[in-house]
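At position 210 of the sequence shown (counting the first as 1) the number is 210 in this note's numbering, and the numbers step up by one without a gap.
Don't be surprised by glycine CBs; every beta carbon is placed ideally from N, CA and C.
On a predicted model such as this, the values are computed, not experimentally measured, just so you know.
First comes the structure, then the notes that go with it.
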Amino acid sequence: MFPSLPSFTSDDDPGPDFSALLAAAGMPDPGLRDLAFAAADVPHGTTCVAIKYDNGVVLAGDRRATSGHQISHRTIEKVFQADRHSGVAIAGAAGPAIEMVKLFQLQLEHYEKVEGKALSLEGKANQLSQMIRGNLPAAMQGLAVVPIFAGYDLRRHRGRLFQFDVTGGRYEERLFATTGSGSMHATTVIKLGYNEGQSRAAAVALAANALFEAADEDAATGGPDLIRQVYPIIATIDVDGFERLAQDEVAGLFGEVMEDRRRLVANEGDGEVAR
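In structure tokens form, the structure reads like this:
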């Protein structure tokens, strides 16, 4: 015979609080109250962007990881090479995200060794989608992983990029994609600056501008750190494969961005004096 369900009066009804229900029924509390707080203490990656250009895709991400309102890491890497012609940029809980990328890299390498050829770009995106879906129980506890996948499709001879949601939903984007806490600000910059058929240099500069503005508006996104010489990671993927830009080149890009901002601020100041 099944045990009867606990009943409560209107005065001691625990309502929707499951932990309170267990306590009222005399059962041990599994600590569900603390899950949200524990997840907040886990380092999280923030803003990443992907932008298509005439012959490929730019993939970029800042270097800051936060735990709640604290900066937990200033040099975390969020842009990874998946295989020769594809890459992943991560946002969300840093630990699960990095482990997912490592396993993804291993699976792609294993497939290529077994089959004697690389998996198609869509097949890679589908594989990553399944891995994100497998992380859904952890995502429901605050440990979500939301990456961007980008690559050069050797069959269609063009760059392609994919966004995902925490359930594993996979969505191909035509021009660009963003993820992370600063994605709204980065998206605005990219929308205003994007041009169809733009060059690699233009797309790289646009990615740098997007990350800079995201860092300027979003506390969880890290901008260029001139004291520590830490700069966002920017990589390109085209028919020749995945290539990460050298730090000197990235430093030069952000130097130009900051010089443009200095001129803008100076012009604003001149306007105020003139009025």
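Bridge-paired residues (DSSP) for Phe164
Arg170
Integer Cβ distance of His44 from Ala94, believed to fall under 8 Å:
6 Å
With the cut-off set at 8 Å, would you say Gln81 and Gln107 are in Cβ contact?
no
Local Cβ density within 10 Å of Gln70, reported as buried at 16 or more and exposed below that
Exposed, because fewer than 16 other Cβ atoms sit within 10 Å of the Cβ of Gln70.
Tell me which residue opens and which closes the alpha helix (DSSP H) that Gly134 is part of.
Element bounds for Gly134: 121-134.
So, at 6 Å on beta carbons, what are the nonlocal neighbours of Glu112 in its own chain, with the 5 sequence-adjacent residues on each side left out?
Ala118
Closest by CA to Gly182, which one among Lys52, Ala91, Ser86?
When Lys52, Ala91, Ser86 are compared, the shortest CA-CA separation from Gly182 is found for Ala91.
Specify the secondary structure class of Ser67 as computed by DSSP and reduced to three states.
strand
Can you check whether the CB of Ala50 is closer than 8 Å to the CB of Phe254?
Here Phe254 is not near Ala50, since their CB atoms are 8 Å or more apart.
DSSP on Thr187, reduced to helix/strand/coil?
helix
Report the residue from Ala23, Gly168, His157, Gly123 whose alpha carbon sits nearest the alpha carbon of Met140.
Selected option, being the one with the closest Cα: Gly168.
Can you tell me whether Tyr231 is buried or exposed, with buried defined as 16 or more other CB within 10 angstroms of its CB?
buried
Determine, using beta carbons only, whether Phe149 and Ser86 come nearer to each other than 8 Å.
yes
Given a cut-off of 8 Å on the beta-carbon distance, is the pair Arg244 and Ala235 in contact?
Taking C-beta atoms as the reference points, Arg244 and Ala235 count as a pair closer than 8 Å.
Grouping DSSP H, G and I as helix and E and B as strand, with all else coil, what is Lys102?
helix
Residues sharing a beta bridge with Arg244, DSSP
Paired residues: Ala235.
Is the distance from the Cβ of Ala125 to the Cβ of Arg170 below 8 Å?
Yes, the pair counts as a contact, with Cβ atoms nearer than the cut-off.
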